[in-house]
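Numbering (the working numbering), first residue to last: 5 to 193. We put the CB at the ideal spot given by N, CA and C, even for glycine.
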Ligand SMILES: [Fe+2]
Ligand SMILES: [Fe+2]
């Protein structure tokens, strides 16, 4: 199985945009958090998080099919491939079925609004609470690109209370806060 180093070099090959790279690192961290919590394989789950948007920059029109092709060619586990397909069911027809599918789907959009929220706060992610994120979710003008329906469906899929899910994603993202530049000490730099 290709390892994380392989995945990172693939990501660098396909994705130039710094914002998209950060998004993929954020989702990886959130998915890894859930893997630990649920007793799943962090390494495998992390790959799905890290690579789910591999082709978004180069082939947005057929996303994620080109990425999936590349993952299969490189020998990534079918579990990872399936989760990547299922994070965009409306396009691929592949519905989230496994725990990994559901977790990836549920973390994808939510990391976007949490990231945007952090940038608005002098203390960044340091003391960010689910309550603050919920407020931003309700403010449709804030980070308007974040699909609220997808967030809601993710919460349903994961089967947790919304605040609990948000707290988990925040905690996962804290692991890579420095990389994302969302700690209090990073804000405004
Ligand atoms: Fe995507
Ligand atoms: Fe994504």
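| field | Same chain only: Cβ atoms within 8 Å of residue 126, ignoring 5 sequence neighbours per side | value | Around residue 126: 188, 191 and 192.
| said: Suppose contacts are defined by Cβ-Cβ distances below 7 Å. Is residue 3 in contact with residue 78 by that definition? | reply: Coverage of the chain is limited to positions 5 through 193, which leaves residue 3 absent and any answer about it impossible.
| request: Run the CB neighbour count on residue 101, radius 10 Å, all protein chains shown included, and call it buried at 16 or more, exposed below. | output: exposed
| message | Run the Cβ filter for me: residues under 6 Å from any heavy atom of ligand 2, listed in the order they occur in the chain. | response | 27, 31, 56, 57 and 112
| Would DSSP call residue 163 helix, strand or coil? | DSSP places residue 163 in coil when its eight states are reduced to three.
| request: Determine the direct distance from the alpha carbon of residue 87 to that of residue 175, and round the result to whole angstroms. | output: 22 Å
| field | First and last residue of the uninterrupted alpha helix (DSSP H) at residue 125 | value | Looking at the DSSP string, residue 125 is not in any alpha helix (DSSP H), and its letter there is neither H nor E.
| task | Find the nearest neighbour of residue 97 within the set 80, 68 and 123, judged by alpha-carbon distance. | result | 68
| task | Grab the span of the alpha helix (DSSP H) containing residue 55 for me, first residue to last. | result | Start and end: 46-55.
| said: If contact is defined by three or more beta carbon pairs under 8 Å, each pair taking one atom from either stretch, is the region 44-55 in contact with the region 100-114? | reply: Here the region 100-114 makes contact with the region 44-55; the two share three or more CB pairs at distances below 8 Å.
| Identified DSSP bridge partners for residue 92 | BP columns for residue 92 are empty, so no partner.
| What's the C-alpha gap between residue 150 and residue 137? | Taking the straight line from one Cα to the other gives about 12 Å.
| query | For residue 85, which option in 72, 92, 120 and 95 has the closest C-alpha, if you only look at C-alpha atoms? | reply | 72
| query | Which whole-angstrom value describes the C-beta separation of residue 15 and residue 58, a residue pair presumed to lie in contact below a C-beta threshold of 8 Å? | reply | 7 Å
| Nearest candidate by alpha-carbon position, reference residue 185, set 163, 123, 158 and 167 | 123
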